[in-house]
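Undergrad: Handing you a structure now.
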Amino acid sequence: MTTLAYLIPVALFLGALGLAGFLWALRSGQYEDLDGAAERMLIDRDEPRS
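Here the sequence shown stands for residues 1126 to 1175, numbered as in our numbering.
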């Protein structure tokens, strides 16, 4: 029973941390251009990258 007293707050903290990270990603625009990365992968560049 004492194990639950430790595990429940830890689980709530980790869940809140994950939610905060997801909300940060939404607000910072991480999910704005989902097709851009897929299209950039197909572009063939002739010049070498430096």
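Virtual Cβ for every residue (Gly too), placed ideally from N, Cα, C.
Isoleucine 1168 to aspartate 1158, Cα distance in whole Å?
TA: Position 43 of the sequence shown, counted from the first residue, corresponds to residue 1168. Position 33 of the sequence shown, counted from the first residue, corresponds to residue 1158. Roughly 16 Å separates the two Cα atoms.
Undergrad: Closer than 6 Å by C-beta to proline 1134: which residues in its own chain qualify, once you throw out the five before and the five after it? Chain order, please.
TA: In the sequence shown, counting from the first residue as 1, residue 1134 sits at position 9. Nothing meets the Cβ criterion.
Undergrad: Quick check on arginine 1152: does DSSP put it in helix, strand or coil?
TA: Along the sequence shown, one-based indexing puts residue 1152 at 27. Reduced to three states, the DSSP call for arginine 1152 is helix.
Undergrad: Thinking C-beta only, is alanine 1150 closer than 8 Å to tyrosine 1156?
TA: Within the sequence shown, the letter at position 31 stands for residue 1156. Within the sequence shown, the letter at position 25 stands for residue 1150. In this structure, alanine 1150 lies closer than 8 Å to tyrosine 1156 by Cβ.
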